[in-house]
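Chemist: In this note's numbering, the protein residues as written are 881 to 1124.
We put the beta carbon where it would ideally sit given N, CA and C, even for glycine.
#1: In the DSSP output, what is residue 1114 paired with across the bridge?
#2: Ends of the beta strand (DSSP E) at residue 1047?
#3: Just list the beta strand (DSSP E) runs in the region 954-1036, keeping only unbroken ones of 3 residues or longer that don't cross its boundaries, in chain order.
#4: State the start and end residues of the unbroken beta strand (DSSP E) segment that holds residue 1090.
#5: Per the DSSP calculation, residue 1071 is bridged to which residue(s)?
#6: Go through its chain and collect everything with a Cβ distance to residue 1063's Cβ below 6 Å, but skip five positions before and after it.
#7: Please report the straight-line C-alpha distance between residue 1125 and residue 1066, rounded to a whole angstrom.
#8: Quick check on the burial criterion: 16 or more other C-beta atoms within 10 angstroms. Buried or exposed for residue 1106?
#9: Here's the rule: buried if 16 or more other CB atoms are within 10 angstroms of the residue's CB, otherwise exposed. What is residue 897?
#10: Just the Cα atoms here: how many angstroms apart are residue 1032 and residue 974?
#11: Assign residue 1054 to one of three DSSP states: helix, strand, or coil.
#12: Is it buried or exposed, residue 993, if we count other Cβ atoms within 10 angstroms and call 16 or more buried?
#13: Taking its Cβ as the centre, do 16 or more other Cβ atoms sit within 10 Å of residue 1001, making it buried, or is it exposed?
#14: What's the C-alpha gap between residue 1123 and residue 1085?
#15: I need the straight-line Cα distance from residue 1115 to residue 1092, nearest angstrom please.
#16: Hey, out of 1003, 908, 1030, whose CA is closest to residue 977's CA?
#17: Can you list, in chain order, the residues of its chain with a C-beta nearer than 6 Å to that of residue 938? Leave out the 5 residues immediately preceding and following it.
#18: In whole angstroms, what is the alpha-carbon distance linking residue 1011 and residue 1024?
#19: By the 10 Å Cβ neighbour count, where 16 or more other Cβ atoms means buried, how is residue 913 classified, buried or exposed?
#20: Just grab the DSSP bridge partners of residue 1084 for me.
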């Protein structure tokens, strides 16, 4: 009778550990796959700290008492191994959950940064002149073009390409009617030759918000938008930022 009771106790322990190990393995697999996808999207590599803690643990007192007093060495070792596996899985799951929380926080921060990063076209149309050196349409001489010229009908809506605050809105020499949006972190966008300006200095704007209408003001040969992206006071090729 005592042997039957011992066998039943051992089976209950084995069943418990097996069920718990399966459950934790499923949870760990799911959260690791989720974290891996987030890392790829965020181009981020976060190392798990589990290796620092896998040496912790030890036999459960209840398990030790049961196996030492009641079961043979082989069965005792089997249950100890399952208990150790369970401890490792629990620690790894905690690490992955903590990593998941860090990744979510990071993505929220990056989302805020991305909102202020120019990433869409400011107006529909075709690019008549790209970024870089070109022959001037006015003098015929070689000159550096600091942005893109995008052609469309006069009055076509021009939108902010990222969140920001209007730094300048008015007439500015060769730019004609110009809007400059400050996106923070040294990034600005410029929208020149506008027919109409829809914002004023100090206004907050969001990506996709109409800020003016395409025109032909200033030094221009026809209706188009002159669009610039300036990073740390240096003009960069806007096409590198287009994702639409």
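Modeler: Reading off the structure:
#1: 1111
#2: 1044-1051
#3: 1006-1009, 1012-1015, 1022-1025, 1028-1031
#4: 1090-1094
#5: 1059, 1107
#6: 996, 1042, 1044
#7: No statement about residue 1125 is possible, as the shown extent of the chain runs from 881 to 1124 and does not include it.
#8: buried
#9: buried
#10: 56 Å
#11: helix
#12: exposed
#13: buried
#14: 19 Å
#15: 22 Å
#16: 908
#17: The predicted position of residue 938 is uncertain, since its pLDDT is 48 and thus under 50; no value can be drawn from it.
#18: 8 Å
#19: exposed
#20: 1045
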